[in-house]
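Take 679 as the starting number for the sequence shown in the working numbering and just add one per residue. Okay, structure first, notes after.
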Amino acid sequence: LQGFDSFQLEGCLAQFANHQGACERIKNTPLPRQYDFFTRLFVWVFATLLPFGLLSLFLQGDQFSPAAWLVVPLSVVIAAVFTIMEKTGAANEDPFENRVTDVPLTALCNTIERDLKEQLGEAALPEKLLPVDGYLW
Numbered sequence: 679l680q681g682f683d684s685f686q687l688e689g690c691l692a693q694f695a696n697h698q699g700a701c702e703r704i705k706n707t708p709l710p711r712q713y714d715f716f717t718r719l720f721v722w723v724f725a726t727l728l729p730f731g732l733l734s735l736f737l738q739g740d741q742f743s744p745a746a747w748l749v750v751p752l753s754v755v756i757a758a759v760f761t762i763m764e765k766t767g768a769a770n771e772d773p774f775e776n777r778v779t780d781v782p783l784t785a786l787c788n789t790i791e792r793d794l795k796e797q798l799g800e801a802a803l804p805e806k807l808l809p810v811d812g813y814l815w
């Protein structure tokens with residue numbers, strides 16, 4: 679490579695190194711424990727107090743309506759949604775641990791390697807990674 683092509687390649691390599699460094703910083707920076715603790719605490723408090731808040735929807739004067747029994751299933755469904763969101767957030771705290779729900783680093787690296795070798799004109803390209811049981815690693 680000569681001239682402008684070499685200059686462009688240097689820029690791409692510098693950008694690649696910067697992105698790699700940023701990903702390493704994300705991977706090595708732990709999420710403070712307080713975020714997980716207080717998120718769980720607030721979801722638990724919300725789920726506990728939710729039925730009492732929903733009861734006011736079924737008040738008719740001084741008595742509850744016949745549909746007041748709906749408070750229980752509504753509370754369970756709403757609390758389940760918030761609990762699932764909290765669990766999802768906790769599972770995604772470490773996106774680079776090579777688990778099923780993480781960023782598919784192996785596939786990303788494989789794609790970059792294939793693209794670079796293709797641009798260099800090499801015939802022996804690594805196999806393209808396919809999802810295993812619906813998950814791309």
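Even glycine gets a Cβ: it sits at the ideal position worked out from N, Cα and C.
Of the residues assessed, S684 falls on the exposed side of the cut-off, its CB having fewer than 16 other CB atoms within 10 angstroms. Where Y713 is concerned, the enclosing alpha helix (DSSP H) starts and stops at 711-733.
For the stretch 730-807, the full-length alpha helix (DSSP H) segments reaching 4 residues or more read 749-769, 783-797 along the chain. Rounded to whole angstroms, A725 and P782 show a C-alpha spacing of 34 Å.
Here the alpha carbon of A700 sits roughly 49 Å from the alpha carbon of L748.
Within a 10 Å sphere around the beta-carbon of S743 sit fewer than 16 other beta-carbons, which makes this residue exposed.
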